[in-house]
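Q: Residue numbers for the sequence shown follow the UniProt record's numbering, so the first one is 1 and each next one is one higher. Idealized CB from N, CA, C, for every residue including glycine. Note that this is a predicted model, so its numbers are computed, not measured. Got a structure for you, questions after.
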Amino acid sequence: MGQIQITNMRFYTHNGVFAEEKTLGQQISVDVTVDYDIEHQVKDDDLTTTISYADVYEVIRDYVTQHDFNLMESVANGVLDALLTAFPMAEKIRLSVKKYSVPIAGVFDDIIITVEGSHA
1 MGQIQITNMR FYTHNGVFAE EKTLGQQISV DVTVDYDIEH QVKDDDLTTT
51 ISYADVYEVI RDYVTQHDFN LMESVANGVL DALLTAFPMA EKIRLSVKKY
101 SVPIAGVFDD IIITVEGSHA
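Below, the structure is given as structure tokens:
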């Protein structure tokens, strides 16, 4: 078993409940870990028989830049579903979506929504 990890992918989106968030947008970041049977998938050193991290990035980028939601939880679940569909050989996928500009009172850096799914 092995993992692909891609961290701190940044995208500009228009997600959120408030009108300003939908109009002005904000930056989010995504971290993903994909667990799969690397040992068997890369025996032939052939990119077409394994999970390409470039393809993982493209699925995430395409999803978050083409869909807008009220809830960051919906963003995270949607990306997770897209990844599970695109990569049936993945045994488990863990994904975190971080929102930096949160329009609520308080002192903090960001909010993070983490979801996990598998084909098992």
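Taking C-alpha atoms, which residue in G78, K98, V107 and K99 lies nearest to G117?
A: The candidate whose alpha carbon is nearest that of G117 is G78.
Q: Which runs of the alpha helix (DSSP H) fall wholly inside the UniProt domain "Dihydroneopterin aldolase/epimerase" (4-117) and span at least 4 residues, in chain order?
A: Those alpha helix (DSSP H) runs which fall completely within the UniProt domain "Dihydroneopterin aldolase/epimerase" (4-117) and span 4+ residues are 19-24, 38-41, 53-66 and 72-86.
Q: Output the distance between the C-alpha atoms of M1 and K43, rounded to the nearest integer angstrom.
A: Distance between the alpha carbons of M1 and K43: 13 Å.
Q: Please work out which residues of its chain come closer than 8 Å, Cβ to Cβ, to E91, disregarding the five sequence neighbours upstream and downstream, and give them in chain order.
A: Same-chain partners within the cutoff: M1, D35, Y36, D37, S118, H119 and A120.
Q: Assign V107 to buried or exposed, taking buried as 16 or more other Cβ atoms, counted over all protein chains shown, within 10 Å of its Cβ.
A: Exposed, because fewer than 16 other Cβ atoms sit within 10 Å of the Cβ of V107.
Q: Residues in the same chain with beta-carbon distance under 6 Å from N15, minus the five sequence neighbours each way, listed in chain order, please.
A: So the list reads D68, F69 and V75, once near-sequence residues are dropped.
Q: Return the CA-CA distance between I113 and S29, expressed in angstroms with no decimal places.
A: So the alpha carbons of these two residues sit roughly 11 Å apart.
Q: Compare the Cα-Cα distances from T33 to each of V97, I104 and T23 and report the closest residue.
A: Taking only the C-alpha atoms, the option nearest T33 is V97.
Q: Can you check which of these residues, K99, G25 and D55, is closest to Q5 by C-alpha distance?
A: Among K99, G25 and D55, the Cα nearest to that of Q5 is on D55.
Q: Between the C-alpha atoms of S101 and F18, what's the straight-line distance to the nearest angstrom?
A: Their backbone Cα atoms lie some 12 Å apart in a straight line.
Q: Contact defined as beta carbons within less than 8 Å: I believe V64 pairs with L95. What is the distance between those atoms, to the nearest angstrom?
A: Actually they are not in contact, since the Cβ atoms of V64 and L95 sit about 11 Å apart, beyond 8 Å.
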